[in-house]
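Below: one structure, written as structure tokens.
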Amino acid sequence: MVEIILEGLPANVEEGTIQNWYFEEGDPVNEGDELVELTTEEGPITVQASKSGILAEVYYDEGEVVAKGEVLCTIDDEESEDKDEEDKE
Numbered sequence: 007m008v009e010i011i012l013e014g015l016p017a018n019v020e021e022g023t024i025q026n027w028y029f030e031e032g033d034p035v036n037e038g039d040e041l042v043e044l045t046t047e048e049g050p051i052t053v054q055a056s057k058s059g060i061l062a063e064v065y066y067d068e069g070e071v072v073a074k075g076e077v078l079c080t081i082d083d084e085e086s087e088d089k090d091e092e093d094k095e
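Numbering (this note's numbering), first residue to last: 7 to 95.
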């Protein structure tokens, strides 16, 4: 699993409000896809997928406020699953 964390905000911005999720839980996503749009004091931002996989879990609903550093969602990627299986052997 890959955690998508709210980071890369302007220095004086500490939080954002979820405006729109572009995917739903269970949807396939590709690295670089825009996952979610947030509004901040400095204007709108989007957060992209850092890995390809399946959007496994969304932790915040539209309209909720998220602090910098919080996990927005997780992506189930095959690479981490393969590594987990190797670790078990």
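Idealized CB from N, CA, C, for every residue including glycine.
Express the C-alpha separation of T23 and E68 in angstroms, rounding to a whole number.
Going by the C-alpha atoms only, they are around 8 Å apart.
With distances taken Cα to Cα, identify the nearest neighbour of Q25 among A55, N36, G49.
Nearest option by C-alpha distance: G49.
Along the chain, where does the beta strand (DSSP E) that runs through V42 open and close?
It spans 40–46 - the beta strand (DSSP E) in which V42 sits, taken as one unbroken run.
Less than 8 Å between the beta carbons of K57 and V8, yes or no?
For the 8 Å CB-CB criterion, K57 and V8 form a contact.
So, for Q97: in the same chain, excluding its five sequence neighbours on each side, which residues have a beta-carbon less than 7 Å away from its beta-carbon?
No answer is possible for residue 97: the residues shown for the chain start at 7 and end at 95.
For a test of the three-state rule: what should DSSP assign to E84, helix, strand or coil?
DSSP places E84 in helix when its eight states are reduced to three.
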